[in-house]
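Each remark here refers to the structure printed beneath this line.
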Amino acid sequence: MYDIAIIGAGINGCSVAYELTQKSKNVAVFDKDGVASGGSGAAGAFISPKFSKAGELKELIHDAFLYSMEYYEKNFPNFLIKTQLIHIAQDEKSSEILKAYKQTTPLKLKDIPFQTSQESISLDSGIVDAKGVCEAMIKDATFIKDEVVSLEFKDDVWLINGSCRAKKVVLSTGAYKMVLDEPYIKLRGVWGHRCDVKTTTKNEYSLHQFVSISPSCDGVLAIGATHNVHYHPDTATKPYDIDEGRVELLEKASKTLKLENVEVIKDYMGLRSGSFDYIPMVGRIVISKESLTLPERRLKTKKPNFEDYTYYKNLYMINGNGGYGFVLAPYLAKKLSDKILDKGRVEDRLSPARFFARWAKKL
Ligand SMILES: Cc1cc2nc3c(=O)[nH]c(=O)nc-3n(C[C@H](O)[C@H](O)[C@H](O)COP(=O)(O)OP(=O)(O)OC[C@H]3O[C@@H](n4cnc5c(N)ncnc54)[C@H](O)[C@@H]3O)c2cc1C
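Quick note on numbering: the sequence shown equals residues 33 to 395 in the working numbering.
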């Protein structure tokens, strides 16, 4: 029997597996398609703060940025490339936001090494090898390539696909259908495309404007974006047009960096998943059916007490990192694994219970 089974081997699941195996737990990681086969495998995996106006998400990503840069450097230095990040505003509105950001950020800013017509910002950052780091994170766990189709709690143990037993389970299934059906948990999948190209154009920076462009590595640049909010593989009537996607990516990249002698090496596509308030969902999962039996005044209150609700025993989730999965995952995985090991708590602002509270209030 495993101490913990993790379902989904993207950056979220792998980061949790790393924390728990570091604490000598016996961990199994399931994935239906392989390690980093979902959104994580498609990511450019830039480690960046969020250049936006004040807000909860900006603060969360700021803390996670500082944490994850140190984390990757300390634990996975072979999978981290440290780079100078240059973020250039796309238009007047984003120029204003960037100006305000620069005035208030505690981060150490760098000079921009070239002329830009738009407002821009630069700082030290990094890029991780998405698949490599996920594989390294789960090296002390048992990887099981299988789709989890059933989860059953019997005699105080979770039964996965009818045969594998685990004391605790973590769902980290990204934008895919959750193994568990709870009507208040909804995730938004946004389609992204990354294209690795060989080019004679040299670039030494992590460039972000209309798309993200990595520094050159052996003459190859990665160009990516999760920009396609209209396409979704589950609802689309025809397959995603890779050629059209490439053209769009290359056109957008060329507005920032003149690309010469371009040869496409490989395309990666995937969905990233975001929650409906953009804040990740980390922690225990409310059983809606049982929690709905609470007196109405406790369900309809403006200040819900999450401790009132009934939760699945020993079941947790981590999801909804949006476009910042590689920044947020190590930071959130630490919080979640402390919770799983009864050594800490996850703040209410991250708890999936907030969505139950909102959903129950509207019923
Ligand atoms: C093109 C693109 C570029 C991006 N660039 C960046 C970036 O530069 N920086 C950054 O920080 N983030 C970036 N992101 C976002 C980041 O990739 C995501 O936030 C992150 O990958 C989410 O990780 P995850 O583990 O939650 O989900 P995923 O990586 O999607 O992993 C979920 C896994 O669960 C598995 N699974 C699902 N259901 C089951 C089941 N029933 N049984 C077994 N396995 C199952 C899937 O096969 C999948 O491998 C980008 C995303 C895309 C698409």
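Ideal placement from N, C-alpha and C gives every residue a C-beta, glycine not left out.
How about K90: is its Cβ closer than 8 Å to a heavy atom in ligand 1?
Every heavy atom of ligand 1 is 8 Å or more from the Cβ of K90, so no.
Kindly examine ligand 1 and report whether one of its heavy atoms sits closer than 8 Å to the Cβ of I43.
Yes, the Cβ of I43 comes within 8 Å of a heavy atom of ligand 1.
With a CB to CB cut of under 7 Å and the five nearest residues on each side skipped, what residues in its chain are close to A285?
Closer than 7 Å at the Cβ level, and outside the excluded window around A285, lie V243, I245, I255, L291.
Pick from R390, K371, F388, F175: whose alpha carbon is nearest that of K200?
Of R390, K371, F388, F175, the residue nearest in Cα terms is K371.
Could you tell me whether the region 224-236 touches the region 39-56, where touching means 3 or more Cβ pairs closer than 8 Å?
Touching, no.
For C166, count neighbouring C-beta atoms within 10 Å of its own C-beta (all shown protein chains included) and say buried if the count is 16 or more, exposed if not.
C166 should be labelled buried.
Extract the residue ranges of the beta strand (DSSP E) inside the region 38-85, only unbroken runs of 3 or more that lie entirely within it.
Listed in chain order, they are 59-63.
Below 9 Å between beta carbons: does that hold for A41 and G71?
For A41 and G71, no; Cβs fall outside 9 Å.
With the cut-off set at 9 Å, would you say L89 and I297 are in Cβ contact?
No. Outside cutoff.
Tell me whether N351 counts as near ligand 1, meaning its Cβ is closer than 8 Å to at least one heavy atom of that ligand.
Yes.
Can you say whether A257 is buried or exposed, counting buried as having 16 or more other CB atoms within 10 angstroms of its CB?
Buried, because 16 or more other Cβ atoms sit within 10 Å of the Cβ of A257.
Just tell me which of V160, L92, S127 has its CA closest to the CA of N107.
The residue with the shortest Cα to Cα distance from N107 is V160.
Is A198 a contact residue of ligand 1, with contact defined as CB to any heavy atom under 8 Å?
The answer is no for A198.
Tell me the rounded alpha-carbon separation between I93 and G357.
Their backbone Cα atoms lie some 10 Å apart in a straight line.
Regarding L303 and ligand 1, is the C-beta to nearest heavy atom distance less than 8 Å?
Indeed, a heavy atom of ligand 1 lies less than 8 Å from the Cβ.
In the DSSP assignment, the beta strand (DSSP E) including D123 goes from what residue to what residue?
That residue, D123, is in no beta strand (DSSP E); it is neither H nor E in DSSP.
Is it true that the CB of F185 sits closer than 9 Å to the CB of Y344?
Taking 9 Å as the Cβ cut-off, Y344 and F185 qualify as a contacting pair.
Pick out whichever of S126, M169, G352, P271 has its Cα sitting closest to the Cα of D309.
Nearest C-alpha to D309: G352.
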